[in-house]
Amino acid sequence: MTEEHHASDYHAPHIVPVSTYVLVFLALMLGTALTTWIAYIDLRAWNTVVALTIAVCKMLLVVLFFMHIKYSKGLTRIVIVGAFFWLGIMITLTCSDELTRHWEIVPEGWSAGALHLFRLLF
Amino acid sequence: MWIFLATEILFFGGMFTAYIVYRALHLSSFILGSHQLVVKFGAMNTAVLICSSLTMALAIRTAQTGGSKGVVIVWLLLTMALGAAFLGIKLRFEWYRDYMEGLIPGVAWLSGGTHTPGVKMFMCFYFFMTGLHALHMVVGLGILTVLVIMAARDRFSAEYYSPLEISGLYWHFVDIVWIFLFPLLYLIGGRYPGS
Amino acid sequence: MSTAIRDLHDAPAEPAVNYLNASYGIKSWLLTLDHKRIGLLYLASITVMFVVGGVAATLMRMHLVEPQGALFEPETYNKMFSTHGIIMVFFFLVPSIPATLGNFLIPLMIGARDVAFPKLNLMSWYIFITGAALALYGTISGGVDTGWTFYPPYSSLYSETHVVAVALGIFIAGFSSILTGLNFIVTIHKMRAPGMTWFRLPLFIWALYATSLIFVLGTPVIAITVFLLGLERLLHVGIFDPAVGGDPLLFQHMFWFYSHPAVYIMILPGMGVISELVTAFSRKKIFGYSFVAFSSLSIAVISFIVWGHHMFVTGQAIYAGLVFSVLSFLVAIPSAVKVFNWTATLYRGSISYEAPMLYALGFIGLFTIGGLTGLFLASLATDVHLNGTYFIVAHFHYIMVGGAVMAYLGGIHFWWPKISGRMYPDMWARISAAIIFIGFNLTFFPQFMLGYLGMPRRYAVYPAEFQVLNVLSSAGASILGIGYVIPLVYLAWSMRYGPVAGPNPWNAKGLEWTIPSPPPTENFEEVPIVTEEAYNYPAIEAHHYPDAQGVARV
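Residue numbers (the numbering used here), protein chains in the order written: chain A, 970 to 1091; chain B, 9 to 203; chain C, 1055 to 1608.
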């Protein structure tokens, strides 16, 4: 039956202990509380960075433990990494257009372009 | 299912791409728009979903270890209850309030004051992204219902629980999307005094 | 216990029970889980869509014989080219080879009994039909006039046509593609017969695997794009409206993020077919197997980073244009690798000119022309002159029609004996291949010239000095149309009256040729064990070449 094929893809012989689940759960709740708390502290641009970093950590916890990727084989991991990588391509190249519209054509060459990029980011 | 989740990453990802571009181009409007949202409901919902992921993981684990179908059903029902609570909080406390305040573009929008065109753009994204997410939650609730029925009919055992596992992956994915939506929608620009 | 390749002489001429007659009645077809029947369901559906799109094309070409337009008002003409594009791209080319030949052949070529998820397979056909029906409804009730590219703000704010209905049809059909791609990936990973290692797979499978990767990664983005467009149209919120801070180019980025890889969805399976045809009809194994296999994967990967070349003149930032231009040149490399390898396979092969081979040879030449003209378009400066003209139209038709459609027809003819158990009349097949080749070139070569001379595309009227070339193109189109109708006739005829084909009329290598034609429902009576590499034709270098005195030695 195809379900067995599918099950063998990621069926972890690993049975994750309840304590692991509870620990991950507590970490996730802590992350949420932290994110909310930090939002009320003035960190300027770093607010976003911190919030997103915590979000990425929470995502990793869910993916690794709740979704059992920690116990899965490589192919499954490639699927997820690949998907995120592709999303990254879409975001990066789209932004390469959208965020550089106001740049003027600089005849002096790449060094001036690099200077623009530096100014834009910092 | 992992491959299907990959397609979902790209699907939501398209929205996130658009969000990123517009946030970069209209940051001040997005900050203003974000401040129209109530953080405590967003945080509450995040907590609710995290709990539901835990109960889902425990449901799968119970089946995996050959636990009784009653316990599996209890965990599944708890997951569903939490999912329903998420939707309830959204609908009753957030979207209803937005409706009353005229913050729903295209449906109930009141211009003027803080309701600038830029804020309208932000609210578009807010509703599109949370709406799409909510739609996925509803589908998830449907899937959970099917699972409860299957469990009641003794379909699961320590040898066969893959529908639970597969549905669990979907449910956790929906949770992860919300984990990102919360800071990206509710916490733009921070909530400190003077932001 | 199981044998490798069954002794062909024992196979019956036409099996009494095969997948076609194993069960009767419309329910057995509409509720089938047999991948072969699902492939035929798709074949019927996309043929219908091809006819609809073809009618639109015919009407367009008839209209264009006069500089002021012979048939339509400009608004109607706009609907014609939009319908032609939408139907042909989304409802014919994207599913063509994968859903018909792919569904039919993948399990056969890898030695499996069916695909990994037969029910999902059937569901994907129903989803396709739903999307197609919705798009047809939108077309019949007035169509859209935005072009198949649906650019806002016209499509979101100003067009008064059935954008939402057609966009929804496309959205739904996208799920069909995703499920098909998912099915293929899992099938190829998990269900290969013992001994069928990755590098013994037919190249058709590599090509379809690469195509499935594009299906899975790209289609969700077009889904969200048309979803946003639909919301924009219904709620008038201004996501793509510059007046309120939106950016029409964002739509274009998201649209082309899918639609460029989509064109590789359309051509990669065709390239896979050509690998099969070239080896079978030169009786020689493919030159550089791993290069061809990896080039399929490279095309799939690189196709995702070149989409901006559709936007060079739409207001995209120059720096982004630079990046996309360079990357677009890169994508030509794996395609060229394939063309070189096919040519090297032909070299010193024992070539025979059956109809499938005529299609394959036509493909190689026409795809090369189409691909090379793509280089002119990848280079920023020339693209400024050529974008929006008939040069682009000719470029992609050389690849889509001269390439993909010819590969599709070649594949249909090659595997027709396997699908139907009967042979089609060879002479008619060769004649129609020739007619198609001539008609195609007569239709589209003048369009290169028209584009270079400056005739814009999607225009219902044109300056009088372009009339001669337009008339030539329309004449070619009528010939091409006739060339497409003839196979419909003789293929249908052959199902009833054609001679019985036997398991391997071409004497080709490949697991699909080791089973009876038509195959039984379960494909393989015993699971085959694969021991030889792909295309393991006996060496022919020493045969039939005259020595210095001109004496042919065997």
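All C-beta atoms in this analysis are idealised placements derived from N, C-alpha and C, irrespective of residue type, glycine included.
Bear in mind the structure is a predicted one, so any value in this text is a computation, not a measurement.
L149 of chain B and L13 of chain B: beta carbons closer than 8 Å?
Result no, Cβ atoms of L149 of chain B and L13 of chain B do not sit closer than 8 Å.
Interface flag, I1058 of chain A vs chain F, CB-CB below 8 Å
In the structure shown, chain F does not exist; the protein chains are A, B and C.
Could you check if Y1462 of chain C is buried or exposed, using at least 16 other CB atoms within 10 Å of its CB as the buried criterion?
Label assigned to Y1462 of chain C: buried.
What does a CB cutoff of less than 8 Å around F1366 of chain C pick up in its chain, not counting 5 residues either side in sequence?
Non-local beta-carbon contacts of F1366 of chain C in its own chain, meaning distances under 8 Å to residues more than five positions away in sequence, involve G1375, F1378, S1379, L1434, D1437, V1438 and N1441 in chain order.
For G1049 of chain C, the first and last residue of its enclosing alpha helix (DSSP H)
For chain C, the structure presents residues 1055 to 1608; residue 1049 of chain C sits outside this window and is missing.
According to DSSP, is P1296 of chain C part of a helix, a strand, or is it coil?
P1296 of chain C falls in the helix class under three-state DSSP.
Cβ-Cβ distance between P1069 of chain C and N1577 of chain C below 8 Å
With respect to N1577 of chain C, P1069 of chain C sits apart: the two C-beta atoms are not nearer than 8 Å.
Compute the distance between the beta-carbons of F1229 of chain C and I1181 of chain C, then report whether it is under 8 Å.
Taking 8 Å as the cut-off, the beta carbon of F1229 of chain C is found closer than this to the beta carbon of I1181 of chain C.
Just to confirm before moving on: does the CB-CB distance between A1514 of chain C and G1123 of chain C stay below 8 Å?
If you check the CB distance, A1514 of chain C and G1123 of chain C come in under 8 Å.
Which one or two residues does DSSP pair with P1149 of chain C in a beta bridge?
Answer by DSSP bridge pairing: none, since P1149 of chain C is not bridged.
Give me the chain C residues within the contact set of E167 of chain B, using Cβ-Cβ distance strictly less than 8 Å, ordered along the chain.
Here the premise fails: no neighbours, minimum Cβ distance about 19 Å.
DSSP beta-bridge partners for P1510 of chain C?
Bridge partners of P1510 of chain C according to DSSP: C:T1443.
Can I1501 of chain C and A1448 of chain C be called in contact, C-beta distance under 8 Å?
Correcting the residue identity first, residue 1501 of chain C is Gln in this sequence and not Ile. Yes, the Cβ-Cβ distance between Q1501 of chain C and A1448 of chain C is below 8 Å.
Any beta carbon of chain B sitting closer than 8 Å to that of E972 of chain A?
Any answer about E972 of chain A is weak, because its pLDDT of 39 lies below 50 and its placement is not dependable; what the coordinates show is given next. Nearest CB-CB separation between E972 of chain A and chain B: below the 8 Å threshold.
Taking only runs that begin and end inside the stretch 1134-1190 of chain C, name each unbroken alpha helix (DSSP H) of 4 or more residues, in chain order.
Secondary structure in the stretch 1134-1190 of chain C: the alpha helix (DSSP H) runs of 4 residues or longer, each lying completely within the stretch, are 1157-1164 in chain order.
With 8 Å as the C-beta to C-beta threshold (strictly closer), list the residues of the stretch 1032-1062 of chain A near chain C in chain order.
Within the stretch 1032-1062 of chain A, the qualifying residues are L1044, G1051, A1052, W1055, I1058, M1059 and L1062.
From C:D1480, C:F1430, C:K1244 and C:L1289, residue whose alpha carbon lies closest to that of P1410 of chain C:
Its Cα nearest to that of P1410 of chain C, the residue C:D1480 stands out among C:D1480, C:F1430, C:K1244 and C:L1289.
8 Å Cβ shell around M52 of chain B - same chain, five flanking residues per side excluded:
So the list reads I97, once near-sequence residues are dropped.
Quick one: which unbroken alpha helix (DSSP H) runs of 4-plus residues sit fully inside the stretch 1337-1410 of chain C? Chain order, please.
Taking 4 residues as the minimum length, the alpha helix (DSSP H) runs contained wholly in the stretch 1337-1410 of chain C are 1343-1356 and 1372-1400, in order along the chain.
Report yes or no: do three or more beta-carbon pairs, one from the stretch 1194-1209 of chain C and one from the stretch 1254-1269 of chain C, lie closer than 8 Å?
Counting Cβ pairs under 8 Å, fewer than three are found: no touch.
Span of the alpha helix (DSSP H) around P1471 of chain C
That run of the alpha helix (DSSP H) goes M1460 to S1474.
Got a sec: is the Cβ-Cβ distance from L66 of chain B to anything in chain A below 8 Å?
Interface annotation, L66 of chain B: in contact with chain A, CB-CB separation under 8 Å.
Grab me the residues of S1571 of chain C's own chain with a C-beta within less than 6 Å of its C-beta, minus the 5 sequence neighbours each way, in chain order.
Annotation for S1571 of chain C: P1471, K1472, G1475, A1555 and P1557 place their beta carbon closer than 6 Å to its own, counting only its chain and skipping 5 residues before and after.
Strictly below 7 Å CB to CB, what residues from chain B border F994 of chain A?
Within chain B, the residues near F994 of chain A are I58 and L62.
At a Cβ threshold of 8 Å, is I97 of chain B touching chain A?
So, not an interface residue.
Select from the stretch 1365-1396 of chain C all residues with a C-beta closer than 7 Å to any C-beta belonging to chain A, and list them in chain order.
Along the stretch 1365-1396 of chain C, the positions whose C-beta sits under 7 Å from a C-beta of chain A are Q1370, A1371, I1372, Y1373, A1374 and V1377, read in chain order.
Nearest-angstrom Cα distance between Y1544 of chain C and G1165 of chain C?
Y1544 of chain C and G1165 of chain C have their C-alpha atoms some 31 Å from each other.
For a contact defined as C-beta to C-beta under 8 Å, what are the partners of V985 of chain A on chain B?
The contacting residues are A65 and R69.
Span of the alpha helix (DSSP H) around S1571 of chain C:
Where S1571 of chain C is concerned, there is no enclosing alpha helix (DSSP H), given that its DSSP letter is neither H nor E.
List the residues of chain B whose Cβ lies closer than 7 Å to the Cβ of T1005 of chain A, in chain order.
Under the 7 Å cutoff, chain B gives V47 and A51.
Anyone know if the C-beta pair for I1232 of chain C and T25 of chain B falls short of 8 Å?
With respect to T25 of chain B, I1232 of chain C sits apart: the two C-beta atoms are not nearer than 8 Å.
Can you name, in chain order, every residue of its own chain whose Cβ lies under 7 Å from the Cβ of A1432 of chain C, other than the five neighbours on each side?
Same-chain partners within the cutoff: H1363, S1379, S1382 and F1383.
Residue from A:V1018, A:T1005 and A:W1055 whose Cα sits closest to the Cα of F1311 of chain C:
Measuring from the Cα of F1311 of chain C, the nearest candidate turns out to be A:W1055.
Tell me whether the stretch 1455-1469 of chain C and the stretch 1144-1156 of chain C touch, counting them as touching only if at least three CB pairs, one residue from each stretch, are closer than 8 Å.
When C-beta atoms of the stretch 1455-1469 of chain C are compared with those of the stretch 1144-1156 of chain C, three or more pairs fall below 8 Å, so the two segments count as touching.
Does any CB atom of chain B fall closer than 8 Å to the CB of Y990 of chain A?
With a threshold of 8 Å between beta carbons, Y990 of chain A makes contact with chain B.
CB L1283 of chain C to CB F1305 of chain C, shorter than 8 Å?
A distance below 8 Å separates the beta carbons of L1283 of chain C and F1305 of chain C.
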